Amino acid sequence: MLKEFDLKTLNKNPFDLIGKQWMLISAGDNKKHNMMTASWGTLGVLWNKNIAIIFVRPTRYTFEFLEKHDHFSLNFPIDSKVHDICGSRSGREIDKTKACNLTPVYSDGTVYFGESEMVIICKKIYQTNIDPDMFLDSEIQKHYPLKDYHKVYIGEIIKAYKKS
Numbered sequence: 049m050l051k052e053f054d055l056k057t058l059n060k061n062p063f064d065l066i067g068k069q070w071m072l073i074s075a076g077d078n079k080k081h082n083m084m085t086a087s088w089g090t091l092g093v094l095w096n097k098n099i100a101i102i103f104v105r106p107t108r109y110t111f112e113f114l115e116k117h118d119h120f121s122l123n124f125p126i127d128s129k130v131h132d133i134c135g136s137r138s139g140r141e142i143d144k145t146k147a148c149n150l151t152p153v154y155s156d157g158t159v160y161f162g163e164s165e166m167v168i169i170c171k172k173i174y175q176t177n178i179d180p181d182m183f184l185d186s187e188i189q190k191h192y193p194l195k196d197y198h199k200v201y202i203g204e205i206i207k208a209y210k211k212s
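Remember, this note's numbering sits 48 above the position in the sequence shown when you count from 1.
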């Protein structure tokens, strides 16, 4: 069971949490939602708010849900089989929640998954498209051979839950 906790007490390395264990980004409502595996993102402080920053390509099905809804969730860590499915299959083709045997929970304006060890709920406060003309390091361009640049979402962290 997940219980609300103060994220300031988090004793996990965010580089490991996001970059190695990965996360599921989820958005939607109790009728329809989608999620995707992600290993790029940040947790920090901006504009005197605790924030999460996520990066989503417009080609991803989850992008449609992020555009339509004001909140999103970050789910940590999830079983590697779940990451395999959610990182390689589209919610346009399959019901990933059912395929991964996940329990969706609708709360705080978005969907998260009961199997998560930790969940961060965010309210979108800023979004922008990555502009390749602004790259100062030409190496970054190698991540975009198809020129499908990410959209950046900054979310104010409004709640956090962890397994009790």
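Using N, Cα and C, we set each Cβ at its ideal position, and we do this for glycine too. Treat the numbers as computed from the prediction; the structure is a model and nothing was measured.
Range covered by the alpha helix (DSSP H) that runs through residue 66:
Here residue 66 refers to the residue found at position 18 of the sequence shown. Taken as a continuous stretch (DSSP letters only), the alpha helix (DSSP H) holding residue 66 covers 62-67.
For residue 178, the nearest candidate out of 196, 151, 168 and 166 (CA to CA)
Residue mapping note: residue 178 aligns to position 130 of the sequence shown, counting from 1. 196 is the residue among 196, 151, 168 and 166 whose C-alpha sits nearest the C-alpha of residue 178.
So, with DSSP's three-state summary, where would you put residue 52?
Residue mapping note: residue 52 aligns to position 4 of the sequence shown, counting from 1. Reduced to three states, the DSSP call for residue 52 is strand.
Going by the CB atoms, is the gap between residue 87 and residue 121 shorter than 9 Å?
One-based indexing of the sequence shown puts residue 121 at position 73. One-based indexing of the sequence shown puts residue 87 at position 39. Residue 87 sits away from residue 121, with the two beta carbons spaced by 9 Å or more.
Of all Cβ atoms in chain D, is any one closer than 9 Å to the Cβ of residue 105?
Although the question refers to chain D, the structure presented lacks it and comprises just one protein chain.
Contact defined as beta carbons within less than 8 Å: I believe residue 78 pairs with residue 154. What is the distance between those atoms, to the nearest angstrom?
On the sequence shown, residue 78 is found 30 positions in, with the first residue counted as 1. On the sequence shown, residue 154 is found 106 positions in, with the first residue counted as 1. Correct: roughly 4 Å between the Cβ atoms.
Check whether the stretch 148-163 touches the stretch 130-138, taking contact to mean three or more Cβ pairs, one atom from each stretch, closer than 8 Å.
The answer is yes - the stretch 130-138 touches the stretch 148-163, with three or more Cβ pairs under 8 Å.
How close, in whole Å, do the beta carbons of residue 65 and residue 126 come, if the pair is a contact with beta carbons under 8 Å?
In the sequence shown, counting from the first residue as 1, residue 65 sits at position 17. In the sequence shown, counting from the first residue as 1, residue 126 sits at position 78. Rounded to the nearest angstrom, the Cβ distance from residue 65 to residue 126 is 12 Å, too far for a contact under 8 Å.
DSSP three-state label for residue 89, please.
Working through the sequence shown from its first residue, we reach residue 89 at position 41. Three-state result, residue 89: strand.
Identify whether residue 199 lies in helix, strand or coil by the three-state DSSP scheme.
One-based indexing of the sequence shown puts residue 199 at position 151. Strand.
Taking Cβ to Cβ, would you say residue 148 is nearer than 9 Å to residue 99?
For the purposes of this step, residue 148 is identified with residue 100 of the sequence shown, where counting begins at 1. For the purposes of this step, residue 99 is identified with residue 51 of the sequence shown, where counting begins at 1. Taking C-beta atoms as the reference points, residue 148 and residue 99 fail to come closer than 9 Å.
Own chain, CB closer than 7 Å to residue 183, minus 5 neighbours either side, in chain order:
Within the sequence shown, numbered from 1, the residue matching residue 183 stands at position 135. Exclusion of the five residues before and after residue 183 leaves 189 as the residues of its chain whose Cβ lies within less than 7 Å of its Cβ.
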